[in-house]
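Written below as structure tokens is the structure these notes are about.
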Amino acid sequence: MKFDELLERTAGLRWNEPLERLAGARLQRLADPHGSLAGLRQAAGARADVAAEVAAAFTVGETWFHRFGEQLDAAALALRALERPARVWSAGCSTGEEVYALLGACLRAGVDARALGTDLNPDAVAVAATGVYPQRALRDAPPDRVARVFTLDGPQVRVKPDVRARARFGVHNLLRPAPEAGFDVIACRNVLIYFTLGAAQQACEHLITALAPGGLLLLAPSDPRPPITETLEQVRVGGTVLLRRAAGPRRARGAVRDPLPVLPVPRPVAPPALAAAPDLAQARQRAFVSPHDPQAQLDLSRAFLHAGQPARAAASLRAAQAQLGARGESWETAHLRAQAAQMQRAVQDAGGEA
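Mapped onto the UniProt record's numbering, the consecutive letters of the sequence shown carry residue numbers 1 to 354.
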């Protein structure tokens with residue numbers, strides 16, 4: 001079985017050659033007991049445990065503390081209305097920074113919360129459980145956010161015991177039903193971006209089902225979006241638009257809308273994909289707060305294009321491309337460069353010069 005078939009069947013992941021090159025070292029380590037990569041593929045086709053290990057080798061695993069922090073603050077603000085402890089889930093938590101950032105936002109808002117963090121990669125989950133990170137994981141994080149959650153420990157930072165006690169972690173595949181239900185907030189950000197559309201739809205179904213009535217779903221601006229139906233609605237909290245599970249019964253299932261794809265796929269980028277562009281005001285604020293984050297610049301470019309401003313979209317795209325040009329190779333850089341290339345075609349089609 002080829003790796004692309006294996007990834008889609010096992011974890012819903014969308015394969016391409018750059019990602020396989022970046023996964024090369026991990027795959028080689030997995031292949032050693034099987035004699036070769038061909039032996040690894042054969043074993044993965046026959047054994048579910050080996051297939052899961054191969055899928056985990058392709059997970060991106062790059063994140064940082066307080067990414068898209070305005071979403072976390074808005075969600076915590078909404079949770080203040082609860083008269084009981086809040087239950088939150090970071091689905092696809094990688095090494096756990098998002099879990100602790102979400103807990104920190106809740107604590108600052110005066111919300112008593114407990115968090116579950118899950119990821120497909122057991123090695124990432126093990127790191128999350130330690131709560132110890134290099135200081136670079138805190139890049140772009142406001143100092144007051146850092147101080148509430150972490151203590152400095154030489155070149156590292158360590159999650160404070162009272163915050164760590166509120167979190168638990170486990171391995172979970174998002175193609176399967178949620179491990180629990182009744183969550184007040186589920187954050188699944190920069191995860192579905194790597195899924196095929198069919199897998200993203202399936203994962204969204206599981207996530208929405210796991211929300212309590214009135215629960216909030218947090219997605220990144222570039223993630224595929226589930227449709228707005230009688231079950232899922234958009235709400236504005238503190239200037240931030242979030243998705244909320246409606247209190248009524250589920251009546252419809254719809255396809256996930258495809259935003260600008262961020263990984264190369266053998267089909268053209270369709271103009272309707274721009275409907276998933278982020279809110280322009282939010283994108284501007286994010287780019288202002290994190291001027292050196294190429295994802296923020298790409299989101300701003302998409303928002304400008306969606307608003308009919310191709311010249312400004314081109315300027316933001318050039319800023320993102322300049323930042324990406326100074327980066328070394330990494331998982332995140334690979335998908336951002338693919339996103340930038342597709343964004344460039346969309347800007348040029350709209351009459352902008354990128």
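Beta carbons: idealized from backbone N, C-alpha and C, even for Gly.
Below 8 Å between beta carbons: does that hold for glutamine 285 and glycine 12?
-> For glutamine 285 and glycine 12, no; Cβs fall outside 8 Å.
Which residues mark the beginning and the end of the beta strand (DSSP E) in which leucine 242 is found?
-> Boundaries of the beta strand (DSSP E) harbouring leucine 242: 240 to 245, taken from the DSSP string.
Within this structure, are the beta carbons of arginine 139 and phenylalanine 150 separated by less than 8 Å?
-> The answer is no: Cβ separation not under 8 Å.
Determine which residues share a DSSP beta bridge with residue 389 and list them.
-> This structure gives no information on residue 389, because the portion of the chain shown stretches from 1 to 354.
Might you give, ordered along the chain, the residues of its own chain that have their beta carbon closer than 7 Å to the beta carbon of phenylalanine 68, omitting 5 neighbours on each side?
-> Closer than 7 Å at the Cβ level, and outside the excluded window around phenylalanine 68, lie Arg189, Ala220.
Skipping 5 residues on each side, what residues in its chain have a beta carbon closer than 8 Å to that of leucine 242?
-> Around leucine 242, the same chain offers Gln71, Ala74, Ala75, Ala78, Leu216, Leu217, Leu218, Gln234, Val235, Arg236 as residues with beta carbons nearer than 8 Å, after the five sequence neighbours per side are excluded.
Can you tell me the Cα-Cα spacing of alanine 273 and arginine 166, whole angstroms?
-> Residue confidence is low: alanine 273 scores 37 on pLDDT, short of 50, so the model does not pin down where it sits. Its coordinate-derived value is still stated next. Each residue's Cα considered, the two are about 39 Å apart.
What's the call for residue 365, buried or exposed, on a 16-neighbour Cβ count within 10 Å?
-> Any property of residue 365 remains undetermined from this structure, which presents the chain solely from 1 to 354.
With distances taken between CB atoms, is the gap from leucine 116 to arginine 168 smaller than 8 Å?
-> Yes, these two residues count as a Cβ contact at 8 Å.
Give me the Cα-Cα distance between leucine 280 and leucine 300, rounded to the nearest whole angstrom.
-> The alpha-carbon atoms of leucine 280 and leucine 300 are separated by roughly 7 Å.
From what residue to what residue does the beta strand (DSSP E) around arginine 236 run?
-> Annotation for arginine 236: the continuous beta strand (DSSP E) segment containing it runs 232 to 237.
Report the residue from Val111, Asp112, Val127 whose alpha carbon sits nearest the alpha carbon of threonine 118.
-> When each option's Cα is compared against that of threonine 118, the closest is Val127.
Closest to valine 125 by CA distance: which of Ala178, Arg47, Gly96, Arg145 is it?
-> When each option's Cα is compared against that of valine 125, the closest is Gly96.
Outcome for valine 99 when other beta-carbon atoms lying within 10 angstroms are tallied against a minimum of 16 | It counts as buried.
Assigned secondary structure, aspartate 223 (DSSP; H/G/I helix, E/B strand, else coil) | Per DSSP, reduced to three states, the secondary structure at aspartate 223 is coil, with no helix or strand assignment.
Assuming leucine 107 and alanine 187 form a contact by the criterion Cβ under 8 Å, report the distance between their Cβ atoms to the nearest whole angstrom.
-> Not really, about 16 Å apart at Cβ, beyond 8 Å.
In three-state terms, what does DSSP make of alanine 126?
-> When DSSP states are grouped into helix, strand and coil, alanine 126 belongs to the helix group.
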